[in-house]
């Protein structure tokens with residue numbers, strides 16, 4: 001087996017791999033010898049089939065397998081000996097498009113772009129400012145008031161229902177006079193103005209009183225999830241059982257206990273910690289963006305064009321779907337990347353390779369516990385299907401990588417921030433929000 005270099009231009013690499021006919025024959029014979037003890041053919045006992053007959057019956061089938069293994073082995077040996085790391089899956093094809101026939105040497109062309117050598121940046125020269133926001137009493141009181149609103153009760157009232165009141169009622173829905181599945185309920189509590197029912201329903205209940213019956217006529221949206229109801233007009237017979245006015249919960253220890261706190265002061269402390277956690281998360285996004293901006297400017301190395309082209313195409317494709325949400329398939333014309341897409345792709349590939357190299361050299365690892373936590377976070381988006389989601393992730397390497405990548409990136413960013421010169425600046429909540437809005441507008 002011979003590997004000969006044919007191209008070494010920047011990051012582009014080319015090689016010719018030659019597997020002689022004798023080497024291929026020897027590999028096929030080796031496979032036949034391994035299989036011989038288990039082979040049974042009529043007229044011969046198990047394991048006693050002559051090699052000549054095995055080769056005649058199975059040789060052709062094994063040639064392709066042996067050829068693939070020989071080429072893969074040569075590639076693997078090449079990467080181990082040279083230390084080269086391909087940016088994408090190497091391209092392997094028969095030499096000059098020739099057709100191989102039995103008895104010939106196997107000659108293939110191997111080509112790829114190598115990952116660049118990236119020098120260790122001096123992160124001590126990176127200067128950053130971290131915005132710090134303390135949760136003031138006004139912010140805590142506002143959050144506490146929102147919790148009280150969530151915990152509000154409804155109490156019976158005399159008179160007509162107003163927007164914000166709760167109406168308890170029985171209803172039966174009919175289309176063309178016929179009741180339909182899912183269109184009935186008993187003692188249903190509905191807060192008017194909550195948007196819980198289809199458009200136009202809740203508005204027609206404003207003004208009803210306990211003991212009344214009211215017909216509500218609405219049309220289901222054309223895109224309604226239940227196809228048999230979509231776009232159809234329905235009449236709901238509503239029997240009003242009670243009308244209740246909202247009564248906000250009092251700010252006391254009893255309210256605190258409903259949210260798992262020992263006292264109102266303890267609840268305020270939890271709220272303060274939560275708010276400052278949210279502020280810290282927003283501040284981190286800002287400082288991370290500033291870090292990446294500095295690294296993008298300060299660090300330079302050759303980029304594999306194949307990675308840039310693939311990233312630009314992905315960006316163009318994703319943005320096209322964002323602009324055309326009604327298209328839920330990928331059977332459409334190719335979306336050509338713009339100069340803006342290509343520029344963004346260059347930045348993403350450059351920073352991605354840099355962070356990956358820093359993490360590799362520092363032996364940054366994503367732990368099993370971190371992966372489990374990430375999977376659990378995603379699984380919460382599928383209530384009742386958490387087990388199925390876990391099983392899907394376990395079987396899907398691509399999904400695992402999608403979950404692992406941001407964790408790895410954040411750990412590398414933390415590593416760099418630990419070496420950079422980071423100062424803190426205390427700002428207000430509004431100043432932090434303005435900085436975050438500016439960041440999102442630039443994205």
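Residue numbers (UniProt numbering): 1 to 443. All C-beta atoms in this analysis are idealised placements derived from N, C-alpha and C, irrespective of residue type, glycine included. This one's a predicted model, so the numbers in the text were calculated from it and none came from an experiment.
- A direct Cα-Cα distance of roughly 12 Å separates residue 264 from residue 145.
- DSSP assignment within the region 136-213 yields the following whole alpha helix (DSSP H) runs of 4 residues or more, N-terminal first: 137-150.
- Distance from the CA of residue 398 to the CA of residue 392, rounded to the nearest whole angstrom, comes to 11 Å.
- Minimum Cα-Cα distance from residue 71 among the listed residues 102, 19, 86 corresponds to 19.
- Between the region 339-350 and the region 309-326 there are three or more C-beta pairs closer than 8 Å, enough to call the two in contact.
- No Cβ-Cβ contact shorter than 8 Å links residue 167 with residue 216.
- Between the alpha carbons of residue 46 and residue 95 lies a gap of roughly 41 Å.
- Closest in alpha carbon position to residue 371, among 353, 351, 405, 357, is 405.
- Between residue 147 and residue 79, the C-beta gap is not smaller than 8 Å, which leaves the two residues out of contact.
- Between residue 169 and residue 271, the C-beta gap is not smaller than 8 Å, which leaves the two residues out of contact.
- In this structure residue 387 is exposed. Its beta-carbon is surrounded by fewer than 16 other beta-carbon atoms within 10 angstroms.
- Judged by DSSP in its simplified three-state form, residue 382 adopts coil rather than helix or strand.
- With 16 or more neighbouring CB atoms inside 10 Å of its own CB, residue 413 falls in the buried class.
- The beta-carbon distance between residue 286 and residue 131, rounded to whole angstroms, is 6 Å. This is short enough to meet the 8 Å contact definition.
- CA-to-CA, the gap between residue 34 and residue 100 works out to about 26 Å.
- DSSP places residue 126 in the coil class of the three-state scheme, outside both helix and strand.
- The Cβ atoms of residue 290 and residue 128 sit closer than 8 Å to each other.
- Secondary structure of residue 315 (DSSP, three-state): helix.
- Take residue 159, set aside five residues on each side of it, and the residues of its chain with a beta-carbon closer than 8 Å to its own are 209, 243, in chain order.
- The region 218-229 makes no contact with the region 109-126, as fewer than three CB pairs between them are under 8 Å.
- The Cβ atoms of residue 249 and residue 151 lie closer than 8 Å to each other.
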